[in-house]
Amino acid sequence: MKNLQLIKSDNLSELLELLKKEERKYNIIAGGTDVMVLLKEFLIDPQCLYDVSGLSELKEILVDNDSIEIGSAVTMSDIISDSEVSRYAPVLVSALKEVGSPLIRNRATLGGNVGNSSPAGDSIPALFVLNARVNIVSEGNERSVKIEDFILGPRRNVLEKGEIIKSFVIDKMGTDERSFFLKAGSRNALAISKANLAFRFMLKDNLVKSMNLSFGSVGPVVIKSTMIPQLFIGKKPDPGLIDKSCSLVSEEIKPIDDFRSTAKYRVKVLENLLRKCLDEFC
Amino acid sequence: MKINVKVNGKKYERDVRENMTLLRFIREEIGLTGTKEGCGVGECGACTVILNGKTVNSCIVLAVEADGAVIETIEGEAKNGKMSKLQNSFHEHHAVQCGFCTPGMVLSAKTLLKENPKPSEHEIKEALEGNFCRCTGYQQIIEAIQDASGQMKK
Chain A
49 MKNLQLIKSD
59 NLSELLELLK
69 KEERKYNIIA
79 GGTDVMVLLK
89 EFLIDPQCLY
99 DVSGLSELKE
109 ILVDNDSIEI
119 GSAVTMSDII
129 SDSEVSRYAP
139 VLVSALKEVG
149 SPLIRNRATL
159 GGNVGNSSPA
169 GDSIPALFVL
179 NARVNIVSEG
189 NERSVKIEDF
199 ILGPRRNVLE
209 KGEIIKSFVI
219 DKMGTDERSF
229 FLKAGSRNAL
239 AISKANLAFR
249 FMLKDNLVKS
259 MNLSFGSVGP
269 VVIKSTMIPQ
279 LFIGKKPDPG
289 LIDKSCSLVS
299 EEIKPIDDFR
309 STAKYRVKVL
319 ENLLRKCLDE
329 FC
Chain B
109 MKINVKVNGK
119 KYERDVRENM
129 TLLRFIREEI
139 GLTGTKEGCG
149 VGECGACTVI
159 LNGKTVNSCI
169 VLAVEADGAV
179 IETIEGEAKN
189 GKMSKLQNSF
199 HEHHAVQCGF
209 CTPGMVLSAK
219 TLLKENPKPS
229 EHEIKEALEG
239 NFCRCTGYQQ
249 IIEAIQDASG
259 QMKK
């Protein structure tokens, strides 16, 4: 952190042009709630920081007929207080309310949480169940990838040199859909998740019409459940099916023992969190 | 890098190193030492300041990022040597023991009451989630805020 240069612009194309030419080691910074901590703990050692928090193109929330686009530099507080996101993507709002504290959420951004690519990032399972796409921009180029293809491993993602996250496009949930975000941590606020899950489903005529489920903090990346939705789709949920689905949790996740928790605890707690969601069926 | 900020209504222009945190800037460049450093990584809230109307952990904000900003610190609370209503309430309810968390607590409470003048106990707890107190057990702090918002049965 000795000779650090901050490069800030309110013009996206100007910043992208500078970024493309940059030959030094750099990091992108928005609210800084992760980057500053990594810097202070010497976990990253950039020569310069590109500050995207002044780019108005990255700070918009646009609501369309069937999707919502959220700029990467919109703060979590602003997403939480947005009435349309609360209405059409409540699972994202529930997840963001679990991040840090009000002080953190006033600075932290969705782009930062995803760009940091931690397996424990609370917004990521919610983005999974909302079928989010990540819009990436660089000088003269734009591309879009699915959230599950964006993150490659702990703190690794597909962003290449010169690229930044511009926005996220998520599904607008229907009024007949329900969703949950549940998290287990050491305390309510400011505790990184030991395990979390995002769940979205729709019932029609007592049958499960659709179900999206994802687990966080229990593998190198967030895990999208395939077996459990498969088990339920087209069926009437009953206690037997719920028991069976909970027993599938340990087959789908790959938790590890680390300083935050143990693999055994993580499996058990996710089984219980899932049961809590599924009990809503009956 | 040259920055301009307004702290507690007073304008400052300073040339700062780009790796300087806002916390260090406020304490060492401006000389306002009411804002404390606790954990230094955005968890304890001792360094809380109000930046453009929003509470932030100043230990994980760079001073250069605050260029052009309006900042409020605990020193802006009392006017003409008289404590604010909120400060008085903290005093009366013994919401202060060692005092290290108090500047941050008062600023988080101030922001809460500005946005939500009659918060419920749950809303008060949520607003203070990012401010740790290791002395009081929080109860007196919650009562002080309830009283300051005119919700205390006496």
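Line by line, the protein sequences are chains A and B. For what it's worth, the numbering used here labels the leading residue of the first sequence as 49, then goes sequentially. For what it's worth, the numbering used here labels the leading residue of the second sequence as 109, then goes sequentially. Every residue gets a Cβ at the ideal spot worked out from N, C-alpha and C, and that includes glycine. Everything numeric in this text was worked out from a predicted model, so none of it was measured.
C-beta contact flag for residue 229 (chain A) and residue 139 (chain A) at 8 angstroms: Here residue 229 (chain A) is taken as the residue at index 181 of the first sequence, counted from 1. Here residue 139 (chain A) is taken as the residue at index 91 of the first sequence, counted from 1. Yes. Within cutoff.
Whole beta strand (DSSP E) elements within the stretch 135-203 of chain A, 3-residue minimum: If we require 3 residues or more, the beta strand (DSSP E) runs fully inside the stretch 135-203 of chain A come out as 181-186, 189-194 and 199-201.
Against chain B: residues of the stretch 250-270 of chain A by CB proximity under 8 angstroms: Flagged: no residues at all.
Unbroken stretches of the alpha helix (DSSP H), 4 residues or longer, contained in the stretch 58-109 of chain A: If we require 4 residues or more, the alpha helix (DSSP H) runs fully inside the stretch 58-109 of chain A come out as 60-69 and 83-88.
C-beta neighbour in chain B for residue 152 (chain A), strict 8 angstroms: As a position in the first sequence, residue 152 (chain A) is number 104, starting the count at 1. So yes, residue 152 (chain A) belongs to the interface.
Contact with chain A by residue 293 (chain B), beta-carbon distance below 8 angstroms: Past the boundaries of the shown model lies residue 293 (chain B); chain B is included only from 109 to 262, so the question cannot be answered.
Inter-residue Cα distance where the pair is residue 62 (chain A) and residue 209 (chain A): Taking the first residue of the first sequence as position 1, residue 62 (chain A) is located at position 14. Taking the first residue of the first sequence as position 1, residue 209 (chain A) is located at position 161. If you take the alpha carbons of residue 62 (chain A) and residue 209 (chain A), they lie about 16 angstroms apart.
8 angstroms Cβ cutoff, residue 235 (chain B) in contact with chain A: Stepping through the second sequence from its first residue, residue 235 (chain B) is reached at position 127. Residue 235 (chain B) counts as touching chain A.
Separation of residue 293 (chain A) from residue 162 (chain B), as counted between CA atoms: As a working mapping, residue 162 (chain B) is identified with position 54 in the second sequence. As a working mapping, residue 293 (chain A) is identified with position 245 in the first sequence. Each residue's CA atom was taken as its position, placing residue 162 (chain B) and residue 293 (chain A) some 43 angstroms apart.
Three-pair Cβ contact test at 8 angstroms for the stretch 112-130 of chain B versus the stretch 171-179 of chain B: Counting C-beta pairs with one atom in each stretch, the stretch 112-130 of chain B and the stretch 171-179 of chain B have three or more that are closer than 8 angstroms, which means they touch.
Listed by chain order, chain B residues near residue 88 (chain A) by CB distance under 7 angstroms: Translated into positions along the first sequence, residue 88 (chain A) becomes position 40. The answer, in chain order, is 148 and 149.
is_contact[residue 142 (chain B), chain A] using C-beta, thresh 8 angstroms: Counted from its first residue, the second sequence places residue 142 (chain B) at position 34. With 8 angstroms as the cut-off, residue 142 (chain B) does not count as an interface residue toward chain A.
Contact under 8 angstroms by Cβ, residue 142 (chain B) with residue 165 (chain B): Mapped onto the second sequence, residue 142 (chain B) falls at position 34. Mapped onto the second sequence, residue 165 (chain B) falls at position 57. No Cβ-Cβ contact shorter than 8 angstroms links residue 142 (chain B) with residue 165 (chain B).
Per-residue burial, residue 195 (chain B) [other beta carbons within 10 Å of its own, 16 or more giving buried]: By 1-based counting over the second sequence, the position of residue 195 (chain B) is 87. Buried, by the Cβ-count rule.
Backbone CA spacing between residue 5 (chain A) and residue 124 (chain A) [nearest angstrom]: No statement about residue 5 (chain A) is possible, as the shown extent of chain A runs from 49 to 330 and does not include it.
Contact between the stretch 120-134 of chain A and the stretch 91-108 of chain A (3+ Cβ pairs under 8 angstroms): A contact exists between the stretch 120-134 of chain A and the stretch 91-108 of chain A.
Buried or exposed by the 16-neighbour rule on C-beta atoms within 10 Å, applied to residue 237 (chain B): The residue given as residue 237 (chain B) occupies position 129 in the second sequence. Per the 10 Å Cβ criterion, buried.
Straight-line gap, residue 213 (chain A) to residue 173 (chain A) (C-alpha atoms, nearest Å): The residue labelled residue 213 (chain A) in the question sits at position 165 within the first sequence. The residue labelled residue 173 (chain A) in the question sits at position 125 within the first sequence. Their Cα atoms are separated by approximately 18 angstroms.
Contacting residues, own chain, Cβ-Cβ under 6 angstroms from residue 110 (chain A) (five flanking each side not counted): Position 62 of the first sequence, counted from the first residue, corresponds to residue 110 (chain A). Result list for residue 110 (chain A): 117, in chain order.
Length of the line joining the Cα atoms of residue 67 (chain A) and residue 241 (chain B): Here residue 67 (chain A) refers to the residue found at position 19 when the first sequence is read from its first residue. Here residue 241 (chain B) refers to the residue found at position 133 when the second sequence is read from its first residue. The straight-line gap separating the alpha-carbon atoms of residue 67 (chain A) and residue 241 (chain B) is approximately 42 angstroms.
Anticipated Cβ contact below 8 angstroms, residue 215 (chain B) with residue 180 (chain B), distance rounded: To locate residue 215 (chain B), count along the second sequence from 1; it is residue 107. To locate residue 180 (chain B), count along the second sequence from 1; it is residue 72. Residue 215 (chain B) to residue 180 (chain B), Cβ: 7 angstroms. Contact.
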